[in-house]
Amino acid sequence: MTEMVQPQHTNALGSVFGGVVLSWVDTAAAICAQKHSEKKVVTASFDAMQFLAPIPLGWIVNIKASVNFVARSSCEVGVRITAENPLTGEFHHTASAYVTMVALDSHGKSIAMPKVEPETEEEKIRFENAQERRKARLDLKEKFLSKKKS
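In this note's numbering, each number is its position in the sequence shown, counted from 1, plus 8.
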């Protein structure tokens, strides 16, 4: 997915608002998960959104998303944002995020989606790291739920 930073996207410093980037990330993750699952999807969580560098007005923003791991009805989508100055070719990795998306049936209930089969070494590493992040998310959720009960 490609965007250009327009004046309506910027803050008082002339760089893109973080919320605009979050919206682009959410859209890219949804498109990626829908194409993978061939189902409607919703966002379940954003994990580890990291803003690494500002993106100035007029720069081209490239948003790349890939399904890293599938549980039953949810998947982790890794999103990488890069920005390029179209006048000079200057290029930066500006943000990264992990988004959990859930596939839904026609009644709005979660439904299974196809697994991913990592093939390349990079895909295998992303797959393993996604499993670790999922376990950490579930452990944290359990910790909060158990505190709520006490």
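Just so you know, even glycine gets a beta-carbon here, dropped at the ideal spot from N, CA and C.
Item, Value
"Cβ-Cβ distance between Val78 and Val107 below 7 Å", "no"
"Buried versus exposed, by CB contacts within 10 Å (16 or more), Ala138", "buried"
"Residues of its chain near Phe135, where Cβ-Cβ distance is below 8 Å and the 5 sequence neighbours each way are ignored", "Asn76, Phe77, Val124, Pro126"
"Alpha-carbon spacing of Ile68 relative to Phe99, whole angstroms", "9 Å"
"Burial state of Met12 (16 or more Cβ within 10 Å)", "exposed"
"Host beta strand (DSSP E) of Ile89 (start-end)", "82-92"
"Cα-Cα separation between Ser23 and Pro62, rounded to whole angstroms", "6 Å"
"Pairwise C-alpha distance: Gly116 and His7", "Nothing can be reported for residue 7: it is not among the residues displayed for the chain, which extend from 9 to 158."
"Option in Leu153, Glu129, Thr35 with minimal Cα separation from Arg88", "Thr35"
"CB contact flag (Phe59, Ala103, <7 Å)", "yes"
"Residues bridged to Gln58 (per DSSP)", "Ser104"
"Glu92 versus Ile71, Lys132, Ser31, Ser81, residue with shortest Cα-Cα distance", "Ile71"
"Where Thr96 sits in the DSSP three-state scheme", "coil"
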